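See structure below.
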Amino acid sequence: LGKGFLNNSWPSKIILQSIGTSIFYLYLERKPILYNKVTMPPKFDVSTDKGLAAFNGFMGAKSYIEGWQFSDADSDFFAKFSSCPDSAKYPHAYRWYIHIAAIQGVRGLTTSAPAVPAPVAPAPAAEKKEDEDDFDVFGDDDEEDDEPKESRAEMLARLKKEAEERTAKKEAKQRTLVAIEVKPWDTEQDLMELWKKITTEIKQDGLKWGEGCTLADVAFGIKKICTTFTMGVNNSSDDVVEAIEALEDEVQSVEVTSMNVL
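FYI, the numbering for the sequence shown is 5 to 266, going by the working numbering.
What follows is the structure in structure tokens.
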């Protein structure tokens with residue numbers, strides 16, 4: 005071609021443009037563009053069972069009539085249906101119909117329901133014999149109906165009584181832990197002997213003394229007994245304190261420090 009072919013002269017530009025255009029059209033002929041391909045919508049007469057069965061087979065492996073997304077072909081073909089296909093006979097057509105209806109916002113779909121057979125009249129029952137009429141296997145239910153029903157006042161009284169019984173049972177199991185401090189008169193008293201005397205002589209139903217005690221300093225060498233006991237709902241901590249204070253020759257005072265319901 006010579007050196008002039010590669011310079012900026014106008015003949016060289018024309019030749020290069022012609023070569024480029026030819027190469028581009030050769031590429032298009034060897035590799036056609038797929039997305040320009042147009043698929044015609046299927047032609048099925050969905051008003052007949054045969055056409056609906058053919059459309060059901062057509063949609064066996066497809067979600068949309070054309071391509072991989074909703075298009076006008078789905079909308080146009082959806083308009084040909086007068087009712088929803090039978091899900092048992094045409095499952096693929098039913099799946100597509102429900103999907104397109106949801107996309108288009110269709111509500112109140114109607115399905116072609118199978119005809120319901122008319123109810124068969126029951127056969128007339130055989131006449132019973134006279135001796136069977138007189139015999140009642142399970143007894144007369146009318147006797148139960150004749151029993152007087154519980155009045156509202158009686159029902160309230162019964163419920164109140166049952167509640168009181170439940171409360172009484174609960175209270176009977178309820179225990180209270182009481183902590184007390186017993187102060188003697190002087191330092192020469194044997195406090196452990198005094199504690200044994202209190203726990204052995206003061207007895208009540210439902211009263212149980214603790215298994216031990218502790219001695220705590222008060223002042224001037226005098227100590228006090230710290231102990232506990234449990235009692236039921238029928239016991240009174242005041243009665244226990246008064247019984248201990250009755251030992252006035254040995255006990256100066258008794259103080260309740262805490263009470264806890266167990």
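Note that CB positions come from ideal geometry on N, CA and C, so glycine has one too.
These numbers come from a predicted model, not from an experiment.
According to DSSP, residue 212 shares a beta bridge with 234. Of the residues 209, 192, 228 and 255, the one whose Cα lies closest to the Cα of residue 240 is 209.
Between residue 203 and residue 154, the alpha-carbon positions lie close to 53 Å from each other.
DSSP, reduced to helix, strand and coil, places residue 49 outside both helices and strands of the structure shown, so it counts as coil. Secondary structure note for residue 73: it is in no beta strand (DSSP E), with a DSSP letter that is neither H nor E. Of the candidates 61, 158, 174 and 162, the residue whose Cα lies closest to the Cα of residue 96 is 61. Per the DSSP secondary-structure output, residue 263 pairs in a beta bridge with 182. Under the DSSP assignment, residue 223 falls in the beta strand (DSSP E) whose first and last residues are 218–223. Residue 95 sits in a helix when the DSSP states are folded into three classes.
CA-CA distance, residue 226 to residue 254, rounds to 13 Å.
Judged by DSSP in its simplified three-state form, residue 155 adopts coil rather than helix or strand.
By DSSP's assignment, residue 187 forms a beta bridge with 257. From the listed residues 74, 86, 163 and 248, the smallest Cα separation to residue 207 is found for 248.
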